[in-house]
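K.L.:
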Amino acid sequence: MKKLFNLLIVFILGALTDSYYVSAQIFTHEQGDPYMIEKIQEQLNPNLADFPATVRRIAIYKINYSALRFTNEEVEYIRAEIEYSMRNYAGLTVLSPPELEPNDKLKIVGNDSTLQILNMQGRSLADVSPEMLEEIAYKYGVQGLVELSLQRREPEGLVISIRVMNPQSREVVWSNSFISNPPIVLPTLNQGTQKLVTFGISTKSSDLWYRNQYATSTTSNDTTGAGAGAGAGAGAGAGADSTANVFSHQADTLIRQALTDFSVTFTYRQPLDLENSSYIGFSAGYHIVRSRDREQTLFDISLFELGLIYYQAISEKVADIDEYRVVFYSKLNTQFPLGNKEGEMFVLEPGLQFNLSKNIGLSVFGNLTLAGETIKLANKDRLTYKQTGFGFHAVIRF
Numbered sequence: 355m356k357k358l359f360n361l362l363i364v365f366i367l368g369a370l371t372d373s374y375y376v377s378a379q380i381f382t383h384e385q386g387d388p389y390m391i392e393k394i395q396e397q398l399n400p401n402l403a404d405f406p407a408t409v410r411r412i413a414i415y416k417i418n419y420s421a422l423r424f425t426n427e428e429v430e431y432i433r434a435e436i437e438y439s440m441r442n443y444a445g446l447t448v449l450s451p452p453e454l455e456p457n458d459k460l461k462i463v464g465n466d467s468t469l470q471i472l473n474m475q476g477r478s479l480a481d482v483s484p485e486m487l488e489e490i491a492y493k494y495g496v497q498g499l500v501e502l503s504l505q506r507r508e509p510e511g512l513v514i515s516i517r518v519m520n521p522q523s524r525e526v527v528w529s530n531s532f533i534s535n536p537p538i539v540l541p542t543l544n545q546g547t548q549k550l551v552t553f554g555i556s557t558k559s560s561d562l563w564y565r566n567q568y569a570t571s572t573t574s575n576d577t578t579g580a581g582a583g584a585g586a587g588a589g590a591g592a593g594a595d596s597t598a599n600v601f602s603h604q605a606d607t608l609i610r611q612a613l614t615d616f617s618v619t620f621t622y623r624q625p626l627d628l629e630n631s632s633y634i635g636f637s638a639g640y641h642i643v644r645s646r647d648r649e650q651t652l653f654d655i656s657l658f659e660l661g662l663i664y665y666q667a668i669s670e671k672v673a674d675i676d677e678y679r680v681v682f683y684s685k686l687n688t689q690f691p692l693g694n695k696e697g698e699m700f701v702l703e704p705g706l707q708f709n710l711s712k713n714i715g716l717s718v719f720g721n722l723t724l725a726g727e728t729i730k731l732a733n734k735d736r737l738t739y740k741q742t743g744f745g746f747h748a749v750i751r752f
């Protein structure tokens, strides 16, 4: 048992060591110069497109850096990568005159009367002598002198500044700075908050049971009689009238009717991701339902709607309208009649919204009545929706 326990401890420690080693490898890769130079080159190469056309022959004459943060090998590696980019992506001829080679030595310069000690770190002898620098540029046909500045900062990583100078006029003809880990500016979610107003028309067929009212009819009977009296004279006849009320049977009449639903809806929605490709929102709307065959039956009602709606983009984003062209949405809502009517409907509405411009769109949708499809009037007439239908919306987005 003790051996098994020791074996388990060794296994756990080995797994933790491997995990730490992998994490250290990932950390080293992301923080190493090759990784950071690669990120800088991704930014540098497109920017070389605006390099001056009059400058075709260049030479790096100065590299500014701190010996506490960079070794000579690291500086040479960075320099080689920058020269590679300038050759291959700007079509430049990169020269390397020995007189312009930077070094990290101290230099003593003097004449009969003065002595001067120069710190040559990252500089060449020609750099501290402007006349010599111009002579060397003329000798090798250098049209642009390049100065590099190297820094390490957190969290930016590696920072490289590049300046290109005209050897004669000392005019800076091109300059730029690049960061291996540029800060990411995340948009806030409320930048995507939107409000939508939709005007819709949809159709549904219905089964309408119309309950007949009690009908009352009246019948009458007439009776007439004549007779003679004994003794004194003549007699007159007498008649009697009678009436009766007959109540008809109460019945339900089944009428199938097509209905048209006119609606206006207001939606407030909030994005769920930073790309604003999905939204969750709330809606409130007003519906007017009218029967089509108004000579046969008249059944007009008004409905109020409250709903929860979800949007999901299913196409690429269009820069001109700052929106996705095609969006799927699904709305779950409850509708209840206004006035002296009873009933509640629970409706699922899936659809596709097509954004035609920055503020105008069109949607086509279906609707599925999940429950509560019957609405009753005060006089007991009642309307039962079919479970399915379809419709269209005009969308205004702001």
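Under the numbering used here, the first residue of the sequence shown is numbered 355, with each subsequent residue one higher.
Even for Gly, the Cβ is constructed at its ideal location relative to N, Cα and C.
1. At a cut of 8 Å, does the region 512-532 reach the region 693-711 through at least three beta carbon pairs?
2. The beta strand (DSSP E) that contains residue 659, what's its start and end?
3. Do residue 417 and residue 429 have their CB atoms nearer than 8 Å?
4. Identify the residues that DSSP records as bridge partners of residue 780: which are they?
5. Do you know how far the Cα of residue 718 is from the Cα of residue 632?
6. Buried or exposed: which applies to residue 522, given that a residue is buried once 16 or more other Cβ atoms fall within 10 Å of its Cβ?
7. Should residue 821 and residue 723 be called a contact, given that it needs their Cβ atoms to be closer than 8 Å?
8. Check the Cβ-Cβ distances between residue 395 and every residue of chain C, and say whether any is below 8 Å.
9. So, with DSSP's three-state summary, where would you put residue 552?
10. Quick check on residue 696: does DSSP put it in helix, strand or coil?
11. Closest to residue 637 by CA distance: which of 620, 626 and 627 is it?
12. Along the chain, which unbroken stretches of the beta strand (DSSP E) at least 3 residues long are found entirely within the region 722-752?
13. Leaving aside the five residues before and after residue 746 along the sequence, list all residues of the same chain whose C-beta is less than 8 Å from its C-beta, in chain order.
14. With a CB to CB cut of under 7 Å and the five nearest residues on each side skipped, what residues in its chain are close to residue 379?
15. Among 433, 484 and 527, which one has its Cα closest to the Cα of residue 410?
16. Would you kindly report the start and end of the unbroken beta strand (DSSP E) that includes residue 439?
17. If you draw a straight line from the alpha carbon of residue 391 to that of residue 507, how long is it in whole angstroms?
18. Taking DSSP as the reference, what is the three-state secondary structure of residue 391?
19. Under three-state DSSP, which class holds residue 570?
20. Does DSSP put residue 538 in a helix, a strand or coil?
21. Looking only at its own chain, which residues have a Cβ that is under 6 Å from the Cβ of residue 393, when we skip the five neighbours before and after it?
22. Do residue 669 and residue 678 count as a contact pair if the criterion is CB distance below 8 Å?
23. With distances taken between CB atoms, is the gap from residue 713 to residue 663 smaller than 8 Å?
24. DSSP beta-bridge partners for residue 671?
25. For my contact list, residue 753 and residue 490 are in at a C-beta cut-off of 8 Å; report their separation, rounded to the angstrom.
26. Please return the same chain residues whose Cβ sits closer than 6 Å to the Cβ of residue 739, not counting the five positions on each side in sequence.
27. Which stretch, first to last residue, makes up the alpha helix (DSSP H) that contains residue 492?
28. Going by DSSP in three states, residue 625 sits in which element: helix, strand or coil?
29. I need the DSSP call for residue 580, collapsed to helix, strand or coil.
30. For residue 426, which of 498, 486, 504 and 407 has the nearest alpha-carbon?
31. Cβ atoms of residue 440 and residue 502: under 8 Å apart, would you say?
32. Once DSSP output is grouped into helix, strand and coil, what is the label at residue 719?
33. Take the Cβ of residue 666 as the centre, count every other Cβ of all protein chains shown within 10 Å, and call the residue buried at 16 or more, exposed below.
34. According to DSSP, simplified to helix, strand and coil, what is residue 546?
35. Quick check on residue 617: buried or exposed, where buried means 16 or more other Cβ atoms within 10 Å of its Cβ?
36. Grouping DSSP H, G and I as helix and E and B as strand, with all else coil, what is residue 398?
P.N.:
Result, derived from the coordinates:
1. The region 512-532, when compared against the region 693-711, does not touch it at the 8 Å Cβ threshold.
2. From DSSP, the beta strand (DSSP E) with residue 659 extends over 655-667.
3. Contact: yes.
4. In the structure as shown, the chain begins at 355 and stops at 752. Residue 780 is therefore absent and cannot be evaluated.
5. Approximately 18 Å between the Cα atoms of the pair.
6. Of the other Cβ atoms in all chains shown, fewer than 16 fall within 10 Å of the Cβ of residue 522; this residue is therefore exposed.
7. Any question about residue 821 goes unanswered here, given that the chain covers just 355 to 752.
8. Among the chains in the structure shown there is no chain C, since it carries only a single protein chain.
9. It is a strand residue.
10. Per DSSP, reduced to three states, the secondary structure at residue 696 is strand.
11. Of the listed residues, the one whose Cα sits closest to residue 637 is 620.
12. Listed in chain order, the complete beta strand (DSSP E) runs (minimum 3 residues) inside the region 722-752 are 728-730, 736-739 and 742-751.
13. These residues qualify, in order along the chain: 554, 555, 556, 716, 717, 718 and 719.
14. Residue confidence is low: residue 379 scores 42 on pLDDT, short of 50, so the model does not pin down where it sits. Its coordinate-derived value is still stated next. Nothing meets the Cβ criterion.
15. Answer by Cα proximity: 527.
16. Judged by DSSP secondary structure, residue 439 falls outside any beta strand (DSSP E) and instead within the alpha helix (DSSP H) spanning 426-444.
17. Rounded to the nearest angstrom, the gap between the Cα atoms of residue 391 and residue 507 is 14 Å.
18. Residue 391 falls in the helix class under three-state DSSP.
19. Only weak support exists for where residue 570 lies, its pLDDT of 45 falling under 50; the value from the coordinates is given anyway. Per DSSP, reduced to three states, the secondary structure at residue 570 is strand.
20. Coil, per DSSP.
21. Only 534 meet the Cβ criterion.
22. Yes, the pair counts as a contact, with Cβ atoms nearer than the cut-off.
23. When the beta-carbon positions are compared, residue 713 and residue 663 stay at least 8 Å from each other.
24. Note: residue 671 sits in a beta bridge opposite 678.
25. The chain is shown only over 355 to 752; residue 753 falls outside these bounds and no answer can be derived.
26. Excluding sequence neighbours, residue 739 sits near 558, 560, 723 and 727.
27. From DSSP, the alpha helix (DSSP H) with residue 492 extends over 484-494.
28. Annotated three-state conformation of residue 625 is strand, per DSSP.
29. Reliability fails at residue 580, whose pLDDT of 45 lies under 50, so the model's placement of it is uncertain and the value that follows must be treated cautiously. The answer is coil: DSSP assigns residue 580 none of H, G, I, E or B.
30. If we check each option's Cα against that of residue 426, 504 comes out closest.
31. The Cβ atoms of residue 502 and residue 440 do not sit closer than 8 Å to each other.
32. Strand.
33. Answer is exposed; the Cβ neighbour count stays below 16.
34. Here residue 546 sits in helix by DSSP.
35. With 16 or more other Cβ atoms within 10 Å, it is buried.
36. The answer is helix: DSSP assigns residue 398 an H, G or I state.
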